[in-house]
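Just below is one structure, and these are the notes that go with it.
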Amino acid sequence: MTMTTADKIQANLNKRYAAERRFRSYGLVSVAIGLAALLFLFLSIIGKGYTAFQQTYVKLDVQFDAAIIDPQRTRDPQTLARADYGKLIKKTMRERFPDVKNRRDKRKLYKLISPGAVYMIQDMVRNDPRLIGTTQTVWVPADDDVDMLIKGYINRDEPESARRLKDKEIAWIDSLAATSSLEKRFNKTFFTAGDSREPELAGIWGAVVGSFYTLVVTLVLSFPIGVATAVYLEEFAPTNRWTDLIEVNINNLAAVPSIVFGLLGLSVFLNFMALPRSAPLVGGLVLSLMTLPTVIIASRASLQSVPPSIREGALGMGASQMQMVAHHVLPLAMPGMLTGTIIGMARALGESAPLLMIGMVAFIVNVPEGPLDPSTVLPVQIYLWADTPERAFVERTSAATLVLLAFLVVMNGAAVWLRKRFEQRW
Amino acid sequence: MLNQKQAVLLESPAQTNDVPPPAPAKIQEPDTKTVGRVTVDKPIMTTRNVDVYYGEKQAIIDVSIDIAYNEVLSMIGPSGCGKSTFLRCLNRMNDTIESARVTGKIELEGHDIYDKKTDVVTLRARVGMVFQKPNPFPKSVYENVAYGPRIHGLARKQAELDEIVQTSLQRAGLWEEVKDRLSEPGTGLSGGQQQRLCIARSIAVNPDIILMDEPCSALDPIATARIEELIDELRQNYSIVIVTHSMQQAARVSQRTAYFHLGDLIEVGETSTIFTNPQEKLTEDYLTGRFG
Amino acid sequence: MSTPLLIAVLLLLTAAAFEFGRRRALQVAGSEFRTLHSLPRYYGSFTALWCALPALVLLGAWLAFEDKIITNLVITDLPASYQSLSEPELNLIINDLRNHLSGNVVSRELSPDMQVAAAHYGNLRATSEAALTVLFLSVAMLGMGLAWRKIAPDFWARNRVEAIVKVLLIICSTLAIFITIGIVLSVLFESIRFFQTVSIFDFLFGLEWSPQTAIREDQVGSSGAFGAVPLFAGTLLISVIAMLVAAPIGLTSAIYLSEYSHPRFRATAKPLLEILAGIPTVVYGFFAALTVAPLIRDVGNNFGLEVSSESALAAGLVMGIMIIPFVSSISDDVINAVPQSLRDGSLALGSTQSEMIRKVVLPAALPGIVGGMLLAISRAIGETMIVVMAAGLAANLTANPLEAVTTVTVQIVTLLVGDQEFDSPKTLAAFALGLMLFLVTLALNVIALYVVRKYREQYE
Numbered sequence: 279m280t281m282t283t284a285d286k287i288q289a290n291l292n293k294r295y296a297a298e299r300r301f302r303s304y305g306l307v308s309v310a311i312g313l314a315a316l317l318f319l320f321l322s323i324i325g326k327g328y329t330a331f332q333q334t335y336v337k338l339d340v341q342f343d344a345a346i347i348d349p350q351r352t353r354d355p356q357t358l359a360r361a362d363y364g365k366l367i368k369k370t371m372r373e374r375f376p377d378v379k380n381r382r383d384k385r386k387l388y389k390l391i392s393p394g395a396v397y398m399i400q401d402m403v404r405n406d407p408r409l410i411g412t413t414q415t416v417w418v419p420a421d422d423d424v425d426m427l428i429k430g431y432i433n434r435d436e437p438e439s440a441r442r443l444k445d446k447e448i449a450w451i452d453s454l455a456a457t458s459s460l461e462k463r464f465n466k467t468f469f470t471a472g473d474s475r476e477p478e479l480a481g482i483w484g485a486v487v488g489s490f491y492t493l494v495v496t497l498v499l500s501f502p503i504g505v506a507t508a509v510y511l512e513e514f515a516p517t518n519r520w521t522d523l524i525e526v527n528i529n530n531l532a533a534v535p536s537i538v539f540g541l542l543g544l545s546v547f548l549n550f551m552a553l554p555r556s557a558p559l560v561g562g563l564v565l566s567l568m569t570l571p572t573v574i575i576a577s578r579a580s581l582q583s584v585p586p587s588i589r590e591g592a593l594g595m596g597a598s599q600m601q602m603v604a605h606h607v608l609p610l611a612m613p614g615m616l617t618g619t620i621i622g623m624a625r626a627l628g629e630s631a632p633l634l635m636i637g638m639v640a641f642i643v644n645v646p647e648g649p650l651d652p653s654t655v656l657p658v659q660i661y662l663w664a665d666t667p668e669r670a671f672v673e674r675t676s677a678a679t680l681v682l683l684a685f686l687v688v689m690n691g692a693a694v695w696l697r698k699r700f701e702q703r704w
Numbered sequence: 438m439l440n441q442k443q444a445v446l447l448e449s450p451a452q453t454n455d456v457p458p459p460a461p462a463k464i465q466e467p468d469t470k471t472v473g474r475v476t477v478d479k480p481i482m483t484t485r486n487v488d489v490y491y492g493e494k495q496a497i498i499d500v501s502i503d504i505a506y507n508e509v510l511s512m513i514g515p516s517g518c519g520k521s522t523f524l525r526c527l528n529r530m531n532d533t534i535e536s537a538r539v540t541g542k543i544e545l546e547g548h549d550i551y552d553k554k555t556d557v558v559t560l561r562a563r564v565g566m567v568f569q570k571p572n573p574f575p576k577s578v579y580e581n582v583a584y585g586p587r588i589h590g591l592a593r594k595q596a597e598l599d600e601i602v603q604t605s606l607q608r609a610g611l612w613e614e615v616k617d618r619l620s621e622p623g624t625g626l627s628g629g630q631q632q633r634l635c636i637a638r639s640i641a642v643n644p645d646i647i648l649m650d651e652p653c654s655a656l657d658p659i660a661t662a663r664i665e666e667l668i669d670e671l672r673q674n675y676s677i678v679i680v681t682h683s684m685q686q687a688a689r690v691s692q693r694t695a696y697f698h699l700g701d702l703i704e705v706g707e708t709s710t711i712f713t714n715p716q717e718k719l720t721e722d723y724l725t726g727r728f729g
Numbered sequence: 014m015s016t017p018l019l020i021a022v023l024l025l026l027t028a029a030a031f032e033f034g035r036r037r038a039l040q041v042a043g044s045e046f047r048t049l050h051s052l053p054r055y056y057g058s059f060t061a062l063w064c065a066l067p068a069l070v071l072l073g074a075w076l077a078f079e080d081k082i083i084t085n086l087v088i089t090d091l092p093a094s095y096q097s098l099s100e101p102e103l104n105l106i107i108n109d110l111r112n113h114l115s116g117n118v119v120s121r122e123l124s125p126d127m128q129v130a131a132a133h134y135g136n137l138r139a140t141s142e143a144a145l146t147v148l149f150l151s152v153a154m155l156g157m158g159l160a161w162r163k164i165a166p167d168f169w170a171r172n173r174v175e176a177i178v179k180v181l182l183i184i185c186s187t188l189a190i191f192i193t194i195g196i197v198l199s200v201l202f203e204s205i206r207f208f209q210t211v212s213i214f215d216f217l218f219g220l221e222w223s224p225q226t227a228i229r230e231d232q233v234g235s236s237g238a239f240g241a242v243p244l245f246a247g248t249l250l251i252s253v254i255a256m257l258v259a260a261p262i263g264l265t266s267a268i269y270l271s272e273y274s275h276p277r278f279r280a281t282a283k284p285l286l287e288i289l290a291g292i293p294t295v296v297y298g299f300f301a302a303l304t305v306a307p308l309i310r311d312v313g314n315n316f317g318l319e320v321s322s323e324s325a326l327a328a329g330l331v332m333g334i335m336i337i338p339f340v341s342s343i344s345d346d347v348i349n350a351v352p353q354s355l356r357d358g359s360l361a362l363g364s365t366q367s368e369m370i371r372k373v374v375l376p377a378a379l380p381g382i383v384g385g386m387l388l389a390i391s392r393a394i395g396e397t398m399i400v401v402m403a404a405g406l407a408a409n410l411t412a413n414p415l416e417a418v419t420t421v422t423v424q425i426v427t428l429l430v431g432d433q434e435f436d437s438p439k440t441l442a443a444f445a446l447g448l449m450l451f452l453v454t455l456a457l458n459v460i461a462l463y464v465v466r467k468y469r470e471q472y473e
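Keeping their order, the protein sequence lines are chains E, G and C.
Going by this note's numbering, the letters in the first sequence line up with residues 279 to 704, in that order.
Going by this note's numbering, the letters in the second sequence line up with residues 438 to 729, in that order.
Going by this note's numbering, the letters in the third sequence line up with residues 14 to 473, in that order.
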C-alpha cells in the first residue's frame, strides 16, 4: 500500500512540476510586461522630449536703422514701442540672401525667423535706445520648422511636396548653418514663457504658476478640513448611523470619477456661485473636494497608529479630551498626515479632467498673477499641446510631461522621506 | 474519568507492531548530550545533530532522536523551547520561512530528507502534519479530504476517490458524524470535528508519519479526549509525533517522551520512566511544575 | 472694503479680542488667580472665537447670495423691452455689464439703456459693499463684546472653547456628505431639465448619438439625436479591453511578487510597478495617442487589417497598463489576507506552491478579488483623459476593437469644453451622461466595498 501510494505520487510528479514552472513563468512574464510598459512609456517620452530643452537660434547682424525706428529722433518711448521692428529683420534677411527676388520667396525667407524675434529687438531698443543707428549681432530664435530640420525631424529624402520645408528653404538654412549662423542653445523660453501659438515661443511657466496657485488653494482647503474630519471621526465621533454614513460617503467619494467633480464645479462654483471661469481658485476648490477623501483616509490611518497608551496617559493626567488630542495625539500623527497630504497633492497636480470642465483649458498667454486670473495648469497644458498639429509641439509636450513627472517625483520623494524620517514603531 | 485512563496507559505502555519493519540498520549511538536512549531498534526516521537557525538566532541546538514505527512520540517542554520548530523540520515546513536554516541530518527510512534529490512534495505526502489550530480549507467536507488525493493523482476514478474519502473519514472517526453533510463547508463543523477533518485530510494521502503540533490546544476537554482516542487508534498504521503543552496528554497518548528546553533536547525515554523517574533536574522541575 | 481687506481687519480684531479676553479674566480674578476655572488663554480664545466666527458666517452668506440678488435687481430694473429676452440672452447682457464695470473689453458697444443699467449695477455693488463692511465689523465687535461680558471666575471657558471646536470638527466631517449631495443635486437638476426635452427612454435605449447637429438651429434635424447606447457600448468595449490587460497581468504579477519572487526583486519591482499608478492620466493619454495608436495601426496595416488611428484597442490597452498596479495592489492585499494556516495545511499535504495558490489561496480569496476587479472596472469607466486624447468622437456602435468608438466621458468633455449655452440640450446632455456615470460607478463601488469588507471580516 505504501509503495503504491509513493509510486502513484511519483508517476504524476513530473507533470505537476511542469505545471508549477509554467505557473511561475506566467507571473514572471506579467511582471516583465508591466515593467516593460513602464520602460517603454518613459523611453518614448524622453526620446521625444529631450530635444525640446534646446532651441535653434539664428545669428543676425541687425542694423538698428534710425530711419525705421525713430525717424524724428524723439526717442519717445511711445514711438520706440510702435516702430516696425519687423522691417529691420526683413532687411537683414534680404541683405543676407541678396539672390532672393521673388515676393513669395521673400516671404518664405522671412518666415525662417521666429515672430518672437521682433519682440526681442523691440525690447533691446526700449531698454537701450543708444543702440539706434548701430549694427549689432543678435541671436534670435529660429522658426520651429528650421528647428525641426536642424534637430533632424524633417526628412530631407522625402519628396518635396510631402515636406514642410521646400528645397529652397532647406538650401537657405544650410547656407546659414554653413556660416555657423545657426546654433542650438538652451531653451530658456520654454521655462520662462507662457503659452504661444508659435512653438519656439511657447513655454510652461504660465502653466506652472497656474498649477502652483491651484495647489495652494487645494492645500489650504483640504488639509485643515481633512485633518479636522479625521480627528473628529477617530477621536470624538460616537459609533452611530450618522458616522457610518459619513464613513461610507468618504469611501465612495474616493472612488467617484474625477470628471464628476468637474461637473459639480461647473454647476455649483461657476453657474451658481458665479466665480470666474478658468481661475485657479475654482480649480483648487474642485481639486480639494477630490483630494479631501485621500487626506481624510491617510490622516485616520495615522491617528489609528498612535497607541492608546498615550491617550490613556494624557487623560490620566487630567487632560481634557481636546487637550489630549491637541497636545499628544496630533503631533504624533502629524508626519503621517503630511505624507498622505503630499501624496494627495501629487495626485491633484497630475489631475486634468475636472479642470477641463471649469474652463482651465483656455489658450492663455499671460502668466497668471493671482488665483483669480485666468490660467491653465501643467497637465492641461500638456493636453492642449498634444492636440496641436505642429511637430515642434510634440517635443514640447513631451518635455512638459518630463517637467510634470519631475515635480511628481520630487513630491513623492518628499513623502517617502517624511515617512522614513518620522516612522515610529510602537 | 481521564485520570483512570491515564493510569491505565501509564501502567501498560502498549507496544504493538502490526507492520513488520524492514531489517534494522546498524544502530550507532550518536554523540549527544541528551540523557536517555535517543535511538530505537527499528527507526522509520532518524535525526542526527540537528541545528536550526532563524537568521542569527539558534532555535534548535544539536538534537538527535529516532522515531520508531507505530509509536507515538511526544515532545514536551516550556513555550519557546523549540519543540514546534523541531517538528516542522521533519517535513521541511520550515522551508516556507525565509530566514530559517537547518543543518544536521534527518533521514526518512534511510533517505536524507534535506538532500537535493529529495522531493519536498513527496516528502510531505509521506510525512503529514496536523496544526495547532484546525485549518480546514474553505471548501466542502468532501473536497477537504479529497484535496490531497486529487493533487497527488491517487485516484483514477471517482469511485476510488469516494472510497479514499470514506476510509479516511472513518479512520479519523468522523464518518458517522458527517456522512450526510459531505457537501457542506468544512469550516461549518465544530472545533473538534474540524481538527478530526484535518487529520482525515492528512490520512487521505496515506502518510507514514503524522506530525501533530499541539493538535488539541484549541479544543475543549471532550473534543480533546476524542482526538486522544483517535491518536491511539491511528498508531496501528502510522508513526505519530505529537508536540503538546499538556503533560497529562503526553502521558496518556505516547509511548516515548522527549523533553526540550531552550532548544536543547534534555531527556528522552519511555513515557512511564520519564514521568515517574526523570534523570535530569530540568525535566523534574518542569514535570513537577516549578516552571513552564 | 474689499473681501481680503475685511478678512485682514477681522484677523487683527480677533487677535485683539484674544488679548482683551485674557486680560479681563486676569482682572476679574484679581489676586485670586486660582479661582479662575480655566487658564486665562481659554478666556482669550473664547472671546476671539466669538469675534471671528459670526462675522465669517455673515461674510460667507453675503458673498454666496450677493451676486444673485444684485443681478436679479438689475434685470428687473432693465427697460421693458429687455424683460422678454430669454435667459441666455440676459446672461450675455449681464456679462457685458460686468465686463464694462471691471474695465475689460466689451463684446459690443453699450447702448444708452445699457449705460444706465451699468451705472445702476455699479451703484448696487457699491451699496452692497458698504453695507457688508458696516454689518461685518459690527457683528465682529458685538460678538467680542458679548463674550467679554460673560467672563467671570466661575465661567467654564475651556469647556465652552472645546465645545465650539468640536462643533467645527463636526461641521468639517459633515462636508463629505455635502459634497455627495452637491454632486447628486448638480447633475440631477440639469439631467431633469435634459429629460424634459429628450425622453429618458430615447436617451437610455436610442441607438444614435449626434448632439453636434444641434449647433445650428436652422439645420435639418437640429434637435440632434441623444441615444446613448453607442456611448455605453464604447465605454464598455474600452473598459473590457482594459480589464483584459489589467486583470491577468495585475493578478499574476501580484501572485508572483508575493509568493515566488526573491525579497530583493520584490523590493525593486513592486515600487517600480506602482510608479505606473502615479503617472498622470494625461501622460497616458499622450502616450496612447502619439505612440501606441500609430504603432497598433502600423502593425495592423502590415497584417492587412483596417485599423483606425483612434482605435478602441489603443485606448483600452493603455488604460489597462494604467490599471495594472491598482489590480495588483488590491490582489496583493486580498491574497495576503488568506491566513497562513491554510497555506500550511495545503503544503503539509504535499501540494506544490502553484497547487496551493490555485486550489486553496485563490478560491479562498475569490470574493476579495472580485470586489477588487469591480473597483478596477469602475476606474476604467470613469477614466477620462486617456479616452479624450486617444479614442474617437464618432459614436460608432461596434464591438470591433480596431475601430474608433467614443465613450461617456469623452462626450461629457466634448459637450462642455469651449463656449456653451447653458440651456441647450447639448450641454444638458453632458449632465445626464454625468448622472449615468456617477450612478454606475457608485453602484460598482458600493457593491465592491461591501464584498471586500465581508471578505475581510471572514478572516479577521
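Ideal Cβ positions, reconstructed from N, Cα and C, are used throughout, including at glycine.
Measure the beta-carbon distance from E:Asn644 to E:Gly472 and round it to whole angstroms, keeping in mind my assumption that it falls under 8 Å.
Confirmed, about 6 Å.
Below 6 Å CB to CB, which residues in the same chain sit around E:Ile588 once its five sequence neighbours on both sides are set aside?
If we look at E:Ile588 and ignore the five residues flanking it on each side, its Cβ neighbours are His606.
If we ignore side chains and look at the alpha-carbon of each, how far apart do C:Arg371 and C:Thr210 end up?
Rounded to the nearest angstrom, the two C-alpha atoms are 54 Å apart.
Between E:Phe700 and E:Thr569, what straight-line distance do the alpha-carbon atoms span, to the nearest angstrom?
So the two alpha carbons sit approximately 23 Å from each other.
Answer with buried or exposed for G:Tyr506, where buried requires no fewer than 16 other C-beta atoms within 10 angstroms of its C-beta.
The residue in question, G:Tyr506, is buried, as its Cβ has 16 or more Cβ neighbours within 10 Å.
Note down, in chain order, all residues in the stretch 502-536 of chain G with a beta-carbon under 8 Å from any beta-carbon belonging to chain C.
Of all residues in the stretch 502-536 of chain G, Asn528, Met530, Thr533 and Glu535 have a Cβ within less than 8 Å of some Cβ in chain C.
Between which two residues does the beta strand (DSSP E) containing E:Ala640 stretch?
Where E:Ala640 is concerned, there is no enclosing beta strand (DSSP E), given that its DSSP letter is neither H nor E.
Which runs of the alpha helix (DSSP H) fall wholly inside the stretch 502-586 of chain E and span at least 4 residues, in chain order?
519-531, 536-542 and 558-582, all fully within the stretch 502-586 of chain E.
What three-state label does DSSP hand G:Ile513 in the structure shown?
Note: G:Ile513 maps to strand in three-state DSSP.
Going by beta carbon distance, what residues of the same chain come within less than 6 Å of G:Tyr675, once the five residues before and after it are set aside?
Taken in chain order, the residues that qualify are Ile647.
Would you call the CB atoms of G:Ser511 and G:Thr484 closer than 7 Å?
No; because the gap between Cβ atoms is not below 7 Å, this pair is not in contact.
Considering only DSSP beta bridges, list what G:Met566 is partnered with.
Answer is G:Leu648.
Assuming C:His133 is part of the alpha helix (DSSP H), what are its boundary residues?
Unbroken alpha helix (DSSP H) run through C:His133: Pro125 to Lys163.
Could you give the C-beta distance for E:Phe342 and E:Leu317, rounded to a whole number, given that I count them as a contact under 8 Å?
With a Cβ gap of about 52 Å, E:Phe342 and E:Leu317 do not count as contacting.
Name, please, each residue of chain E whose Cβ falls closer than 8 Å to the Cβ of C:Arg190.
Correcting the residue identity first, residue 190 of chain C is Ile in this sequence and not Arg. Neighbours of C:Ile190 on chain E, chain order: Leu523, Ile524 and Asn527.
Please report the straight-line C-alpha distance between C:Gly263 and E:Thr654, rounded to a whole angstrom.
Rounded to whole angstroms, C:Gly263 to E:Thr654 spans 35 Å at the Cα level.
Identify whether G:Val477 lies in helix, strand or coil by the three-state DSSP scheme.
Coil.
Excluding five sequence neighbours on each side, which residues of the same chain lie with their C-beta closer than 6 Å to the C-beta of G:Ala496?
Within the same chain, G:Ala496 has close Cβ partners Val489, Gly519, Thr522 and Gly700.
Output the distance between the C-alpha atoms of E:Ala597 and E:Ser583, rounded to the nearest integer angstrom.
One C-alpha to the other measures close to 21 Å.
For a contact defined as C-beta to C-beta under 7 Å, what are the partners of C:Phe444 on chain E?
Within chain E, the residues near C:Phe444 are Leu541.
On the DSSP letters alone, give me the boundaries of the alpha helix (DSSP H) that G:Phe697 sits inside.
From DSSP, G:Phe697 is part of no alpha helix (DSSP H) but of the beta strand (DSSP E) over Arg693 to His698.
Which residues mark the beginning and the end of the beta strand (DSSP E) in which E:Ile428 is found?
From DSSP, E:Ile428 is part of no beta strand (DSSP E) but of the alpha helix (DSSP H) over Asp422 to Ile428.
Measuring only the C-alpha atoms, how far is C:Val423 from C:Thr397?
Approximately 7 Å, taken between the alpha carbons.
Just to confirm my understanding: we take G:Ile636, look at its own chain, exclude 5 residues before and 5 after, and list those with CB closer than 6 Å. What are they?
Excluding residues within five positions, the ones whose Cβ falls inside 6 Å are Val567 and Ala609.
Just verifying my parser: in three-state terms, what is the DSSP assignment at G:Asn384?
Lying outside 438 to 729, the shown extent of chain G, residue 384 of chain G is not represented and no answer is given.
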